[in-house]
Amino acid sequence: MVGHTDNIGDPSYNQILSKKRASTVSQIFIETGFKTQNIQSMGRGASQPLVENSSKENRALNRRVNIIIIP
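One point on numbering: in UniProt numbering, the residue at position 41 of the sequence shown is 41, and numbering is uninterrupted.
Laid out in C-alpha cells, this is it:
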C-alpha cells in the first residue's frame with residue numbers, strides 16, 4: 001500500500017498523512033483475512049502526484065492509496 005497526498009500543507013505533515021492513509025487501507029485488508037506479513041505500507045507524501053495539483057479536482061485525485069500486488 002502506498003499512500004499519497006496533494007501538495008497543500010506542510011511536507012512533513014503530508015508524509016505522515018500519506019503513511020496513515022496506507023496503514024488504514026492495510027488494516028482493512030488485515031481485518032478481512034489477509035496475513036499481516038504479506039502487507040507492507042508506506043507513505044510518499046506529495047512526491048508522486050497522479051496529476052498536476054493545479055485544481056481542486058486534481059488535488060482530490062492525488063489524495064489516494066495505490067495498492068500494488070506482487071505475485
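Yeah, the Cβ is synthetic: ideal placement off N, Cα and C, and Gly gets one too.
| Item | Value |
| --- | --- |
| Which residues in the same chain as LEU50 place their Cβ atom closer than 6 Å to its Cβ, once the five residues preceding and following it in sequence are excluded? | LEU61, ASN62 |
| Using only the alpha-carbon positions, how far apart do PHE34 and VAL25 sit? | 12 Å |
| Quick one: give me the first and last residue of the alpha helix (DSSP H) that VAL25 is part of. | 11-31 |
| How long is the line joining the alpha carbons of LEU17 and ASN38, rounded to whole angstroms? | 22 Å |
| Could you spell out the range, first to last residue, of the alpha helix (DSSP H) harbouring ARG59? | 56-62 |
| Quick one: what does DSSP say ASN66 is sitting in, helix, strand or coil? | strand |
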